[in-house]
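Have a look at the structure below, then the notes.
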Amino acid sequence: MARPYNFCAGPATLPEPVLAQAAAEMLDWHGQGLSVMEMSHRSEAFGQIHHAALARLRELLAVPAHFRILFMQGGGLGHNAIVPLNIGRGGPIDAVVSGAWSAKSLAEARRYGDAQPAADTGPDYTRLPDVASWRLRSDAAYVHVCGNETIHGVEMATLPALERPLVVDASSHILSRPVDWSRVGLVFAGAQKNVGIAGLTLVFVREDLLGHALPICPSAFNYTLVAQADSLFNTPPAYAIYVAGLVFDWLAARGGVAAMDAAAARKSQALYAAIDASGGYYANRVDPAARSRMNVPFFIHDERLTAPFLAGAKDAGLLQLKGHASVGGLRASLYNALPEPAVAALIDYLHHFQRRHG
Ligand SMILES: *Cc1c(COP(=O)(O)O)cnc(C)c1O
Numbered sequence: 008m009a010r011p012y013n014f015c016a017g018p019a020t021l022p023e024p025v026l027a028q029a030a031a032e033m034l035d036w037h038g039q040g041l042s043v044m045e046m047s048h049r050s051e052a053f054g055q056i057h058h059a060a061l062a063r064l065r066e067l068l069a070v071p072a073h074f075r076i077l078f079m080q081g082g083g084l085g086h087n088a089i090v091p092l093n094i095g096r097g098g099p100i101d102a103v104v105s106g107a108w109s110a111k112s113l114a115e116a117r118r119y120g121d122a123q124p125a126a127d128t129g130p131d132y133t134r135l136p137d138v139a140s141w142r143l144r145s146d147a148a149y150v151h152v153c154g155n156e157t158i159h160g161v162e163m164a165t166l167p168a169l170e171r172p173l174v175v176d177a178s179s180h181i182l183s184r185p186v187d188w189s190r191v192g193l194v195f196a197g198a199q200k201n202v203g204i205a206g207l208t209l210v211f212v213r214e215d216l217l218g219h220a221l222p223i224c225p226s227a228f229n230y231t232l233v234a235q236a237d238s239l240f241n242t243p244p245a246y247a248i249y250v251a252g253l254v255f256d257w258l259a260a261r262g263g264v265a266a267m268d269a270a271a272a273r274k275s276q277a278l279y280a281a282i283d284a285s286g287g288y289y290a291n292r293v294d295p296a297a298r299s300r301m302n303v304p305f306f307i308h309d310e311r312l313t314a315p316f317l318a319g320a321k322d323a324g325l326l327q328l329k330g331h332a333s334v335g336g337l338r339a340s341l342y343n344a345l346p347e348p349a350v351a352a353l354i355d356y357l358h359h360f361q362r363r364h365g
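My numbering applies: residue 8 is where the sequence shown begins, and numbers increase by one.
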């Protein structure tokens, strides 16, 4: 029987072949007689898994040699504190607040330095502030942006070229488009949206930013120490690294980031077009120039129809379309692993529901 389609914002859908391979290798990884969950992170077998994943990721995103890639724990929210502890130098820190996640990043950075909003589009968060209007300080240690606001469905399609180092929270759009490495100092991403399973956070850090952690920074979260230890300062999220490696291989075999970029454009354009063509029955309230290709929040004109919509969707094999509690309504997440037929099925269901309840 075919599995239903999963539109969850995170932890999110995984490629079915990756799940099948992980299942097949669960009891015995490559004749080692044990599961990846049971291996020493310092064993030769895990070293292979780790370095293959690292090499594949560097190749997929064309990461230049002067960036270190770290496999860490902590999650997106953990790194909201870990970043200022490592590269904030006590401030000033500028943050562009474009949704719930960047608001949290700013609040956390304030604990470790003079962090200020360079712009703030709240409380609605339905657009991106014009770069020319950002209030940037020339002595800022860095400028924080959230590349894709998972909750509000706002995506920064291009990163600005700034004087100060740019830090990008790419948790929900990493590997859906190329990264312009000339414009960033540090990129971090929790794995459970577009990379794999929870527990792993990817950190890409430009080498010249290392070496300035505040004394209060925990050693296990000190990017310099973790980089020196090749991400083995303490036990890394070993199984999550293994799953990410399987996803990287799956992605490479399907045409890499360029193919994912094109698919993201097709999937999101089709869904937004269906919503916009519904005559106001469904609505997405985000400025079209800032609409996310990964997370599409939308509403039915009559809020009372949201519950029957979700129940019918579940029966139709379309899971986890409920909007985030702070926004309400519905949300469809269209990550790399969500197949294109899933979007076609969702659009069919939108039409079907409107005909029945319109
Ligand atoms: C999910 C998410 C986070 C938080 O990730 P955790 O791993 O739950 O800490 C941070 N930023 C963005 C953009 C996210 O989508």
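Beta carbons: idealized from backbone N, C-alpha and C, even for Gly.
Since the model is a prediction, treat every value here as computed from it, not as a measurement.
{"Item": "Determine the closest residue to S109 out of T157, R142 and D146, with distance taken between C-alpha atoms.", "Value": "T157"}
{"Item": "Excluding five sequence neighbours on each side, which residues of the same chain lie with their C-beta closer than 6 Å to the C-beta of S238?", "Value": "L77 and F78"}
{"Item": "Using CA coordinates, which residue listed in A277, D309 and V293 is at the minimum distance from D355?", "Value": "A277"}
{"Item": "By Cβ distance, which residues of its chain are closer than 6 Å to A205, with the 5 residues on each side in sequence left out?", "Value": "P18 and Q199"}
{"Item": "To the nearest angstrom, how far is it from the Cα of A352 to the Cα of A227?", "Value": "45 Å"}
{"Item": "Ligand 2 and D127: does any heavy atom of the ligand fall closer than 6 Å to the residue's C-beta?", "Value": "Absent from the structure shown: ligand 2. Ligands present: ligand 1."}
{"Item": "With a threshold of 6 Å (Cβ to nearest heavy atom), would G252 be considered close to ligand 1?", "Value": "no"}
{"Item": "Using three-state DSSP, classify K200 as helix, strand or coil.", "Value": "coil"}
{"Item": "What's the C-alpha gap between K274 and V250?", "Value": "25 Å"}
{"Item": "Restricting to Cα atoms, I'd like to know which of M267, N229 and L326 is closest to N93.", "Value": "N229"}
{"Item": "Rounded to whole angstroms, what's the CA-CA distance from T20 to S340? Just pull it up for me.", "Value": "9 Å"}
{"Item": "Tell me the residue span of the alpha helix (DSSP H) that contains M267.", "Value": "G263 to D283"}
{"Item": "Please report the Cβ distance between A266 and P22, rounded to the nearest whole angstrom; I am assuming they are in contact, meaning their Cβ atoms lie under 8 Å.", "Value": "Not a contact, Cβ separation roughly 13 Å."}
{"Item": "Just verifying my parser: in three-state terms, what is the DSSP assignment at P91?", "Value": "helix"}
{"Item": "If we ignore side chains and look at the alpha-carbon of each, how far apart do D215 and L166 end up?", "Value": "20 Å"}
{"Item": "Got a sec, what are the start and stop residues for the beta strand (DSSP E) D176 sits in?", "Value": "L173 to D176"}
{"Item": "With a threshold of 6 Å (Cβ to nearest heavy atom), would D187 be considered close to ligand 1?", "Value": "no"}
{"Item": "CB-CB under 7 Å to M33, same chain, minus the five flanking residues each way: which ones, in chain order?", "Value": "S42"}
{"Item": "Answer with buried or exposed for H57, where buried requires no fewer than 16 other C-beta atoms within 10 angstroms of its C-beta.", "Value": "buried"}
{"Item": "Consult DSSP for V186 and reduce its assignment to one of helix, strand or coil.", "Value": "coil"}
{"Item": "Tell me whether the beta-carbon of F161 lies closer than 7 Å to the beta-carbon of S105.", "Value": "Phe is not the amino acid found at residue 161; the sequence shown has Val there. Contact flag set, yes."}
{"Item": "Under three-state DSSP, which class holds P124?", "Value": "strand"}
{"Item": "Measure the C-alpha to C-alpha separation of G262 and D121 and round it to an integer number of angstroms.", "Value": "43 Å"}
{"Item": "Suppose you measure from the CA of A126 to the CA of I89; what does that come to, to the nearest Å?", "Value": "22 Å"}
{"Item": "Given a cut-off of 7 Å on the beta-carbon distance, is the pair A31 and Q39 in contact?", "Value": "no"}
{"Item": "By alpha-carbon positions, which one of M44, F195, L173 and P348 ends up nearest to T208?", "Value": "F195"}
{"Item": "Is T208 helix, strand or coil when you go by DSSP?", "Value": "strand"}
{"Item": "Taking the alpha-carbon positions, what's the E45 to H37 distance?", "Value": "13 Å"}
{"Item": "Roughly how many angstroms separate the alpha carbons of F255 and G365, rounded to a whole number?", "Value": "43 Å"}
{"Item": "Are there 16 or more other CB atoms within 10 angstroms of the CB of S183, so buried, or fewer, so exposed?", "Value": "buried"}
{"Item": "Using 10 angstroms around the beta-carbon of M235, count the other beta-carbons present and answer buried if the total reaches 16, otherwise exposed.", "Value": "Checking the sequence shown, residue 235 turns out to be Gln, not Met. When all chains shown are included, Q235 counts as exposed."}
{"Item": "At a threshold of 6 Å, does C15 count as lining ligand 1 (C-beta to nearest heavy atom)?", "Value": "no"}
{"Item": "For V70 and V233, what's the separation of their Cα atoms in angstroms?", "Value": "18 Å"}
{"Item": "For ligand 1, is there a heavy atom less than 6 Å away from the beta-carbon of W108?", "Value": "yes"}
{"Item": "Between V138 and the rest of its own chain, which residues show a CB-CB distance below 8 Å, the 5 nearest in sequence each way excluded?", "Value": "P167"}
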